[in-house]
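Contents: one structure, followed by commentary.
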Amino acid sequence: MIRGIICTGSIALLLCALLPIMSVDAQRDEATVAANWTFNDGSAKDTSKKKLNGNAVGGPKAIDGISGKALQFDGKDDGIKIPDSADINTGGPYTDRTVAALFNCDNVKIDDRKQVIYEEGGATRGLVIYVHDGKLYGGGWNRAEYNWNGAWPSADVKSKRWYHVGIVIRDAAAKVESKKFEMWLDGKRIAQEKGGQLHAHGDDIGIGHLNQNTVYHDGSGGGATNVDWFGGLIDEVVVYGSAFDEGDFAKLAQPLSVEPQGKFTTTWARLKAQRTQK
4 MIRGIICTGS IALLLCALLP IMSVDAQRDE ATVAANWTFN DGSAKDTSKK
54 KLNGNAVGGP KAIDGISGKA LQFDGKDDGI KIPDSADINT GGPYTDRTVA
104 ALFNCDNVKI DDRKQVIYEE GGATRGLVIY VHDGKLYGGG WNRAEYNWNG
154 AWPSADVKSK RWYHVGIVIR DAAAKVESKK FEMWLDGKRI AQEKGGQLHA
204 HGDDIGIGHL NQNTVYHDGS GGGATNVDWF GGLIDEVVVY GSAFDEGDFA
254 KLAQPLSVEP QGKFTTTWAR LKAQRTQK
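Going by our numbering, the first residue of the sequence shown is number 4, and it counts up by one from there.
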């Protein structure tokens with residue numbers, strides 16, 4: 004009888020210890036997926052049900068990445084152009100949004116130019132993720148309707164190293180409020196700034212370059228087309244109409260935990276295959 008009580012008590016303690024892990028917030032709603040570009044087949048096909056396939060310009064190459072295949076951009080004229088989408092830029096207003104990607108930049112301090120990982124929208128409304136002068140930036144703005152002038156949190160990054168980045172608009176309204184725009188790095192939230200919902204923004208969407216217009220932290224970017232090419236690897240770009248939380252970003256950043264620093268020859272996909280075979 005005593006042993007039974009002790010055993011039951013031990014199980015209860017174990018469940019209590021696991022509870023915080025099991026209850027990590029997760030808000031990823033597959034019903035809100037806008038696009039998912041894995042690049043695993045060497046192309047910019049959207050693997051979600053939306054089928055928002057990208058069109059390559061230049062000649063980005065498919066090579067082993069950190070999660071299956073990645074696309075290698077030359078920093079000169081390689082990029083992906085994404086068609087308009089009601090889920091991303093021509094619908095709205097968007098009260099919740101997540102954009103996330105894995106990337107590995109060849110040189111984070113190349114010249115004085117920006118290197119765009121992802122962008123949507125233009126000078127009035129939009130989102131952008133880019134590298135400039137040793138820093139990673141995530142930006143959002145809506146300068147009409149309710150005058151959100153924008154936020155551009157940043158973090159230091161190094162060359163030839165994998166990172167996972169995400170930007171989030173969370174439960175926003177048609178007004179500027181605190182803690183509505185977030186930046187995440189390697190599974191951790193690193194910034195919460197003022198923000199609001201995003202209204203329709205018809206300027207073109209780009210991966211690996213600035214396709215058409217944006218706003219950078221220094222106010223530049225307006226009127227620019229086919230510039231600010233990214234040099235390095237980009238992998239697993241996702242866009243959702245829901246605001247991801249800690250549990251979601253922890254899963255997306257998992258490949259970083261098995262990647263030797265500064266190398267990308269061992270991939271998460273291979274490790275998963277090995278485990279399946281055992």
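C-beta: ideal position from N, C-alpha, C; glycine also.
The structure displayed is predicted, hence computed values, not measured ones.
Short of 6 Å from the beta carbon of Ile85, and not among the five residues preceding or following it, lie these beta carbons of its own chain, in chain order: Gly57, Ile208. Using a Cβ distance threshold of 7 Å, Val241 and Asn39 count as a contacting pair. When Asp136, Asn92, Ala176, Thr101 are compared, the shortest CA-CA separation from Asp159 is found for Asp136.
When the five nearest sequence neighbours on each side are left out, the beta carbons in the same chain lying within less than 7 Å of the beta carbon of Lys48 are those of Asn56, in order along the chain. Between the alpha carbons of Phe233 and Val119 lies a gap of roughly 6 Å. Within its own chain, the residues whose Cβ lies closer than 7 Å to the Cβ of Ser51, once the five positions on either side in sequence are excluded, are Val36, Ala38, Asn39, listed in chain order.
Considered as a whole, the stretch 213-261 harbours 213-215, 228-230, 234-243 as its complete beta strand (DSSP E) runs of no fewer than 3 residues, in chain order. Sequence-distant partners of Ala203 (beyond 5 residues in either direction) whose C-beta falls short of 6 Å from its own C-beta, in its chain, are Thr93, Gly95. Between the C-alpha atoms of Lys197 and Arg100 there is a straight-line separation of about 15 Å.
When rounded, the separation of the alpha-carbon atoms in Asp32 and Leu139 is 27 Å. Per the C-alpha coordinates, the member of Gly211, Tyr133, Ser70 positioned closest to His220 is Tyr133. For Ala34, the three-state secondary structure derived from DSSP is helix. Judged by their CB atoms, Ser162 and Asn110 are nearer to each other than the 7 Å cut-off. One thing to note: Gly225 has its Cβ no nearer than 7 Å to the Cβ of Phe184. Around the beta carbon of Gly222, fewer than 16 other beta carbons sit within 10 angstroms, so the residue counts as exposed. In the DSSP assignment, Thr41 forms no beta bridge with any residue.
Remark: C-beta atoms of Arg128 and Leu201 approach each other more closely than 7 Å. In the three-state reduction of the DSSP assignment, Glu148 falls in the coil class, being assigned neither a helical nor a strand state. Within the DSSP secondary-structure output, Leu55 pairs in no beta bridge.
When secondary structure is reduced to three states using DSSP, Asn110 falls in the coil class, being assigned neither helix nor strand. Judged by their CB atoms, Asp251 and Ala29 are nearer to each other than the 7 Å cut-off.
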